[in-house]
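So the structure is just underneath, and the comments pick up after that.
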Amino acid sequence: MNNGLLKPDLVIENCTQLLTVSENSSDLVGLIRNGYIAIKGEKIIFIGNKEAYEQQIDSRDCKVIDGSNKVVLPGFVDCHTHLVFGKSRVEEYAAGLIPGRLEKFRAGGIKTGMEASIDMTRSETEESLYLESHNKIDRMIRNGTTTLEIKSGYGLDRETELKQLRVISKLKQNCKADISATFLGAHGWPREMSKDRYIDFLINEMIPMVAEEKLADACDIWVDEGYYTARDAERVLRAGMDYKLEAKIHTDCYSYIGGSDLAAEMKMMSGDHLNYTPESSIKKMIDAKVVGVFLPGTDFSVSHPLPFNPRPMLDAGMQIALATNLNPGNWVEYQFFVITLACRRHQMSVEEAIRATTLGGAAALRKSHEMGSLEVDKIADIQIWDTDNYKDVAYKHGNNFVETVIKRGQVVVGSLTE
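Residue numbers (my numbering): 309 to 726.
What follows is the structure, given as structure tokens:
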């Protein structure tokens, strides 16, 4: 303090458009024109206009970033990824672009889909998985993502699920982004075991082991026709909750069989996909404060027969998030592409999409009290775009606008990188 003034370490001044995305802003993005933001350590200590800045801040001897002709906003929070996996399925994807070609691909004895990814992840070394995953995260950070979630689920056996989770743990320690880990042992079940026997294995062996080694923050399951039922999910997720693992769910992607109702009943962190979720379930989820997570990249990659419609949920007041769902069948690393799809294909406004990729993502991870918006006392996770109009994110397709990324008060991408 100096004469009652705050002494920051870093200031971003003259921001042409400063998007706070704050909880209580009068608009969805909390726009401040020609705004200022001051950072001390990991936290934001000031945000506002020039007049208030000059009254409260002593900026002598601090680092300064010029925000002229820039958009400044929170870092992206990608709340749903599967980025630790073995090898790509590019040949399968390319074959699937031409009608009839994928069937010939399979007729040649080549495995496809999750079965292929499970085999490749089982055979991959832990070190190789770590290096490939670290590279993905580095690219994501350069594209504005400062926090992300990563799931296991491409092992469906003890050795590989633990291998994936240990890779995630190592990434947590060594990457510049904050990472939440999710145990998704119930992504399916192995061909060498019945579903019921595998559920018992998850409940009696895997969940206790994952919890004992502190390898996950949450537990997830896929509820849909041909996968797990809502009753199966309740057994698995309540077992996880007994070990202090928060619950989340993949559900209603290809059918409605009660997964979204269970999400509300158990007050889960989030319900993800939600293509077939009925209005009756939407109301239950809102009342239970379950975040709806939409994955437009998936609907695009698989040419989904019923692309998600966010409008009923948005109009009803549901907190929603947008995420990449990065996985070998949907290789989307960047939230910029997600925003493009959400706005053009799913009729979301630019403001709704920005809020869903920042504050919404943080809410889905139960971190909105500390990140996802630019507010005093929140963590300084910030991206600066080289444009003077935030709506360019939906208009200029394919661009990475990121010029600077600040993570926990430190410049990790851009000219002040140490």
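Beta carbons: idealized from backbone N, C-alpha and C, even for Gly.
Buried versus exposed call for residue i [16 or more other C-beta atoms within 10 Å across all chains shown]
| i | result |
| --- | --- |
| T725 | For T725, the predicted structure reports a pLDDT of 48, less than 50, and the residue's modelled location is therefore unreliable. The matter cannot be settled from this model. |
| V398 | exposed |
| V380 | buried |
| T433 | exposed |
| I406 | exposed |
| A661 | buried |
| K378 | buried |
Whether residue i touches residue j by CB criterion (9 Å)
| i | j | result |
| --- | --- | --- |
| N583 | Y551 | no |
| V392 | L437 | yes |
| K348 | K315 | yes |
| H390 | N633 | yes |
| L336 | S578 | no |
| D528 | I565 | no |
| L570 | A519 | no |
| I458 | A489 | yes |
| M574 | R546 | yes |
| L510 | S477 | no |
| V598 | A572 | yes |
| Y401 | I426 | no |
| D386 | T455 | yes |
Three-state class that DSSP yields for residue i in the structure shown
| i | result |
| --- | --- |
| S578 | strand |
| E726 | Residue placement at E726 is poorly supported in this model, since its pLDDT is 44, which falls under 50; the coordinates still yield a value, given next. Residue state, collapsed to three classes: coil. |
| Q691 | strand |
| R674 | coil |
| Y344 | strand |
| Q655 | coil |
| T389 | coil |
| K471 | helix |
| P382 | strand |
| I557 | strand |
| Y536 | strand |
| T665 | helix |
| G493 | strand |
| E350 | coil |
| N697 | coil |
| G548 | helix |
| M309 | Low local confidence applies: a pLDDT of 44 at M309 is under 50, so the model's placement there is unreliable, with the coordinate-based value given in what follows. M309: coil per DSSP, three-state reduction. |
Own chain residues within Cβ distance below 8 Å of residue i, not counting five before or after
| i | result |
| --- | --- |
| K503 | W497, Y536, D540 |
| K444 | L391, L634, E641 |
| L614 | N583, Y584 |
| A702 | I647, T648, C651, R652, V658, A661 |
Beta-carbon contacts of residue i that lie in its chain and below 7 Å, excluding the five residues immediately before and after
| i | result |
| --- | --- |
| K358 | N342, Y344 |
| G452 | G383, F384, Q643, Q691, V710, V713 |
| M621 | I590, G600, I628 |
| K699 | V658 |
| T328 | G338, I340, I355, S681, L682, E683 |
| D374 | E321, N322 |
Neighbourhood of residue i by C-beta, 6 Å cutoff - its chain only, sequence neighbours within 5 removed
| i | result |
| --- | --- |
| A664 | I628, A629, L630 |
| K480 | I487 |
| S460 | E469, Q472, L473, F491, L492 |
Complete alpha helix (DSSP H) runs within the segment 564-638 (minimum length 4 residues, chain order)
567-573, 587-595, 604-609, 619-624
* Asked: Hey, which unbroken runs of the beta strand (DSSP E) at 3 residues or more fall wholly within the segment 418-472?
  -> 453-459
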